[in-house]
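Here's the structure we're looking at; comments come further down.
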Amino acid sequence: MGHRITTRTRASSIAGIIAVALIAVGLILPAFASRSLIQDLFFILTMLTLAQLWNLIAGFGGMVSVGQQAFVGIGAYAMFAGVILWGWDPVPAILLGGVAAFLLAIPMAFFAFRLAGAYFAIGTWVIAEVTRLVVAQWKTLGGGTGTSLPREATADIIGVETIARLFGLRDAAARDVLAYWLALALAVATLATIYALLRSRTGLALAAVRDNDNAARSVGVDAARVKWLVFLAAATMTGLVGALIYVQTARISPDAAFSVTNWTAYVIFIAVIGGIGRLEGPILGVLVFWGLQTAFADYGSWYLLALGLLAIATMLFAPRGLWGLIHDRTGIALFPVQRRLIGAKDG
Amino acid sequence: MIWLDVLVQGILLGGLYALFAAGLSLVFGIMRLVNLAHGDLIVFAAFLILVVVQTFGFNPFLSALIAAPAMFAFGWALQRFVLNRVLGKDILPPLLVTFGLSVALQNGMLEVFSADSQRLAAGPLESASIDLGPVTVGTMPLLTFASAVLVIFALNRIFYTTALGRAFRAVSDDPTTASLMGINPKSVFAIATGLAMVIVTIAALYLGMRSNFDPSIGPARLLYAFQAVIIGGLGSLWGTLAGGAIIGVAQTVGAQLNPEWQILAGHIAFLVVLLLRPRGLFPRAVD
Amino acid sequence: MSHLLSTHGLTAQYGQFKALFGVDLHIDPGECVAIIGANGAGKSTLMRSITGVLKSAPEMILHNGTPIGALPADQILQRGLAMVPEGRRLFPSLSVEENLLIGGQIRKGSGRWSLDEIYALFPILKERRHSPGTALSGGQQQMVAIGRALMSNPELLLCDEISLGLAPVVIRDIYAALPTIRATGAAVIIVEQDIARALIVADRIYCMMEGRVTLTAPAKDVSREAIHAAYFGAAA
Numbered sequence: 000m001g002h003r004i005t006t007r008t009r010a011s012s013i014a015g016i017i018a019v020a021l022i023a024v025g026l027i028l029p030a031f032a033s034r035s036l037i038q039d040l041f042f043i044l045t046m047l048t049l050a051q052l053w054n055l056i057a058g059f060g061g062m063v064s065v066g067q068q069a070f071v072g073i074g075a076y077a078m079f080a081g082v083i084l085w086g087w088d089p090v091p092a093i094l095l096g097g098v099a100a101f102l103l104a105i106p107m108a109f110f111a112f113r114l115a116g117a118y119f120a121i122g123t124w125v126i127a128e129v130t131r132l133v134v135a136q137w138k139t140l141g142g143g144t145g146t147s148l149p150r151e152a153t154a155d156i157i158g159v160e161t162i163a164r165l166f167g168l169r170d171a172a173a174r175d176v177l178a179y180w181l182a183l184a185l186a187v188a189t190l191a192t193i194y195a196l197l198r199s200r201t202g203l204a205l206a207a208v209r210d211n212d213n214a215a216r217s218v219g220v221d222a223a224r225v226k227w228l229v230f231l232a233a234a235t236m237t238g239l240v241g242a243l244i245y246v247q248t249a250r251i252s253p254d255a256a257f258s259v260t261n262w263t264a265y266v267i268f269i270a271v272i273g274g275i276g277r278l279e280g281p282i283l284g285v286l287v288f289w290g291l292q293t294a295f296a297d298y299g300s301w302y303l304l305a306l307g308l309l310a311i312a313t314m315l316f317a318p319r320g321l322w323g324l325i326h327d328r329t330g331i332a333l334f335p336v337q338r339r340l341i342g343a344k345d346g
Numbered sequence: 000m001i002w003l004d005v006l007v008q009g010i011l012l013g014g015l016y017a018l019f020a021a022g023l024s025l026v027f028g029i030m031r032l033v034n035l036a037h038g039d040l041i042v043f044a045a046f047l048i049l050v051v052v053q054t055f056g057f058n059p060f061l062s063a064l065i066a067a068p069a070m071f072a073f074g075w076a077l078q079r080f081v082l083n084r085v086l087g088k089d090i091l092p093p094l095l096v097t098f099g100l101s102v103a104l105q106n107g108m109l110e111v112f113s114a115d116s117q118r119l120a121a122g123p124l125e126s127a128s129i130d131l132g133p134v135t136v137g138t139m140p141l142l143t144f145a146s147a148v149l150v151i152f153a154l155n156r157i158f159y160t161t162a163l164g165r166a167f168r169a170v171s172d173d174p175t176t177a178s179l180m181g182i183n184p185k186s187v188f189a190i191a192t193g194l195a196m197v198i199v200t201i202a203a204l205y206l207g208m209r210s211n212f213d214p215s216i217g218p219a220r221l222l223y224a225f226q227a228v229i230i231g232g233l234g235s236l237w238g239t240l241a242g243g244a245i246i247g248v249a250q251t252v253g254a255q256l257n258p259e260w261q262i263l264a265g266h267i268a269f270l271v272v273l274l275l276r277p278r279g280l281f282p283r284a285v286d
Numbered sequence: 000m001s002h003l004l005s006t007h008g009l010t011a012q013y014g015q016f017k018a019l020f021g022v023d024l025h026i027d028p029g030e031c032v033a034i035i036g037a038n039g040a041g042k043s044t045l046m047r048s049i050t051g052v053l054k055s056a057p058e059m060i061l062h063n064g065t066p067i068g069a070l071p072a073d074q075i076l077q078r079g080l081a082m083v084p085e086g087r088r089l090f091p092s093l094s095v096e097e098n099l100l101i102g103g104q105i106r107k108g109s110g111r112w113s114l115d116e117i118y119a120l121f122p123i124l125k126e127r128r129h130s131p132g133t134a135l136s137g138g139q140q141q142m143v144a145i146g147r148a149l150m151s152n153p154e155l156l157l158c159d160e161i162s163l164g165l166a167p168v169v170i171r172d173i174y175a176a177l178p179t180i181r182a183t184g185a186a187v188i189i190v191e192q193d194i195a196r197a198l199i200v201a202d203r204i205y206c207m208m209e210g211r212v213t214l215t216a217p218a219k220d221v222s223r224e225a226i227h228a229a230y231f232g233a234a235a
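Same order as they appear, the protein sequences are chains C, B and U. Taking numbering that gives the first Met the number 0, I'd label the letters of the first sequence as residues 0 to 346. Taking numbering that gives the first Met the number 0, I'd label the letters of the second sequence as residues 0 to 286. Taking numbering that gives the first Met the number 0, I'd label the letters of the third sequence as residues 0 to 235.
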């Protein structure tokens, strides 16, 4: 009797079909949905993508970064630079955000990887602060107070006019639709890339590195290379998301674009509450987070205080998050990355 | 002469950063725990001292003396009931718990004390200065630096001449074998964090007397503390003082060139040291 | 009447892997018992279970009739059970003298052992008392580890593989201390791969194989064949 190794489960096959259906619905949604729903979905999708990327490096790679705001911020500023300094259209300028984040990630990784264990986290935070302080010196982009995208640039973003005509929308709403589609594309691409990565040999190597650096090295995994690869890839994607968010916001300042709370604390809470080290975690986490945000954001600091305590409680009592609890009860895995040996009864 | 003055001010400022760093270094040395809420705990202690000042009308020094046991108890309980439960081989849970604590503390203080800047009034001491020939130094910065030296000296004495210090080192080396000696590592961790919070209170006293503080400034203090620890070399308390001085001098020199560069200059000095001496200036032989 | 220490159907496992399958043994005050067996027989796991490094069900281990199976290691020591762990495990940050002192830091017990008595037993340690524990030779480190355990004046001393990796002449020096230790009235459990040595020093032996006790007998009248069968299995 032959046997093979698979990661597929029945739930994952069903999930695959549902995912395709969801993407299709997501694409045609702007035809029916209100502008505020589109804006909410934009928020959910971008936060989901950021959380998946943090989850990739911290949850799967063991590199606990508290400096993700550096990539969001530099990505957004690079997009602004493309538009304001070089007259690019904002949408292609998003790519500049990815490039800038990639370039920033190289020195960040170089410095942070030198720090032992948990000090890595503060190292990434320092680099993010340095980046914020340097960008705040960039007077042509508004220095410490920030700036807005010029009206001419936002007025004729490619595709907006077509969307406006297609759905009979005003320009501002059409811009939201475009941003939403881009966010959907980024979210799907990120999820698919991470899923493929985790199922590849590199994913195995990453798991080995996360569990034990030395052991991984002794079985021939080049731990440093795998870490660099994953860190740079996640940073680049984070930069793209940052640029996209600020295409939609159209107004930037160093404090907002490099905010620890918005781009790292929220992102970490989403991953922690949903479940670290699982692709399903951030998906569930972002929905819970969005619900909390909608219901309680008006309470300001009380809300953030509660969110912090909720994260602590989750780590204490359900360290693998809500999805971990569901998985333990039901065994469901929508995005299985564990390898299982099947058809090996005689083994 | 201006540069000599800048240099001296910078070194004295380093005393404050060494005070920020000593507690962080103590906890990391004993249990490899990086407390991301360390800066917010310093601010929290400053508010606690302020509350004592306002309630009883004591001066800040006496108030800190009253706040210190409360902070010890807080640190002990935090370790005993929260952090001990997440310490283990995986570094992720304690990092995330302390990060959650950082966000919770900041926002809790914001609600209770508002975003207004506060200060611990130290009376004539604030403006007093001592003439040291070529330079004149403020009494307060000098007192801060002297306190940092004293704290580090006391910590070294505890570490190397007391039974508690012996237990600290044994648990840091090998918690399992330490437990075979009848030592409960988790109790030792709780005492260590309590002690770290006493140092945090001393740091908070000088933070609050020398400058304004508000609930949002914690993370920046964490970064200075961390940089002092790394520059000094993990596990070296005197190195931490040197690390603090380097950050301090870089900041005063930066500020002298352009006031906007003060903070940035400190960070850049840290990165330069990390580039040239990744293990810090005074690394421990073993580790 | 209860024993000083006894185990009853003691089991232990590391994750999925079972290491002990119902071990029964006992030791009385002042006795010296040797546990022999090949590598992987479960001897060290047994020591780790008794000393609380590995948790068991409470009733599986009794100390003077009291269940102690679930107690953590620090409380086991406080009841008067001290271990010389396999591989010596000295604290590298502590000097020789500090390593000794920490052994008696929590439980001083009542008995003869003090720093001076340990130095009288192993004079070389006094000369090296300010060196880092790990700077010593293997045999000297073993003396520190034994002295460290004695500093708590235990009723029961557990020695895990104290001759492992040491030269025969060094082993002889270390075992020469055993009569002095026993003269204080302490019971001793030694885990030993050297069968001949075990038979000389012990009152009784237990032989273990694959997580089970396969033979228990008084040391003076056990046959070579019986040990051979218990050590390697009946088929061998």
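Ideal Cβ placement from N, Cα and C applies to all residues, glycine included.
Give every residue of the same chain whose Cβ lies closer than 8 angstroms to the Cβ of residue i, excluding the five residues on either side of it in the sequence, and list them in chain order.
i, result
"residue 198(B)", "18, 21, 22, 25, 150, 154"
"residue 43(C)", "285, 286, 289"
Does the ligand NAP have a heavy atom nearer than 8 angstroms to the CB of residue i?
i, result
"residue 161(B)", "Absence of the ligand NAP from the depicted structure is noted, as is the absence of any ligand whatsoever, leaving it without description."
Tell me, please, whether the CB atom of residue i is closer than 9 angstroms to any CB atom in chain U?
i, result
"residue 157(B)", "no"
"residue 175(B)", "yes"
Taking all protein chains shown into account, decide if residue i is buried (16 or more other Cβ within 10 angstroms of its Cβ) or exposed.
i, result
"residue 226(C)", "buried"
"residue 0(C)", "Any reading at residue 0(C) needs caution, since the residue's pLDDT is 47, under 50, leaving its predicted position unreliable; the model's value is listed next. Exposed."
"residue 343(C)", "Confidence is the limiting factor: at residue 343(C) the pLDDT is only 43, short of 50, which leaves the residue's position unreliable and the question unanswerable from this model."
"residue 2(B)", "exposed"
"residue 46(B)", "buried"
"residue 129(U)", "exposed"
"residue 143(U)", "buried"
"residue 278(C)", "buried"
"residue 31(C)", "exposed"
"residue 68(C)", "buried"
"residue 175(C)", "buried"
"residue 281(C)", "buried"
"residue 11(B)", "buried"
Could you say which of the options lies nearest to residue i if we only look at CA atoms?
i, options, result
"residue 39(C)", "274(C), 118(C), 286(C)", "286(C)"
"residue 145(B)", "275(B), 165(B), 114(B), 16(B)", "16(B)"
"residue 8(B)", "240(B), 141(B), 173(B), 175(B)", "141(B)"
"residue 73(C)", "256(C), 277(C), 32(C)", "256(C)"
"residue 303(C)", "100(B), 257(B), 200(B)", "100(B)"
"residue 78(U)", "202(U), 212(U), 156(U), 6(U)", "156(U)"
"residue 61(C)", "210(C), 149(C), 166(C)", "210(C)"
"residue 164(B)", "143(B), 194(B), 210(B)", "194(B)"
"residue 248(C)", "12(C), 41(C), 310(C)", "41(C)"
"residue 35(C)", "172(C), 301(C), 327(C), 203(C)", "172(C)"
"residue 229(B)", "216(B), 218(B), 217(B), 246(B)", "246(B)"
"residue 51(B)", "66(B), 39(B), 38(B), 37(B)", "66(B)"
"residue 117(C)", "70(B), 124(B), 95(B), 6(B)", "95(B)"
"residue 147(U)", "223(U), 167(U), 166(U), 115(U)", "115(U)"
Just checking: is the beta-carbon of residue i within a distance shorter than 9 angstroms of some beta-carbon in chain B?
i, result
"residue 279(C)", "no"
"residue 235(U)", "Because residue 235(U) carries a pLDDT of 43, less than 50, the predicted location of this residue cannot be relied on, and the following value inherits that uncertainty. Not one chain B Cβ lies under 9 angstroms of residue 235(U)."
"residue 71(C)", "no"
"residue 137(U)", "no"
"residue 113(U)", "no"
Identify, in the order they occur along the chain, each residue of the same chain with its Cβ nearer than 7 angstroms to the Cβ of residue i, setting aside the five sequence neighbours on each side.
i, result
"residue 405(C)", "Chain C is shown only over 0 to 346; residue 405(C) falls outside these bounds and no answer can be derived."
"residue 214(B)", "42, 105, 108, 109, 112, 114"
Taking only beta-carbon atoms, is residue i less than 9 angstroms away from chain C?
i, result
"residue 148(B)", "no"
Excluding five sequence neighbours on each side, which residues of the same chain lie with their C-beta closer than 6 angstroms to the C-beta of residue i?
i, result
"residue 148(B)", "none"
Touching by the beta-carbon criterion (3+ pairs, under 8 angstroms), the region 169-185 of chain U and the region 14-24 of chain U:
no
Validate contact between the region 21-40 of chain U and the region 195-202 of chain U using beta carbons, cut 8 angstroms, 3 pairs:
yes
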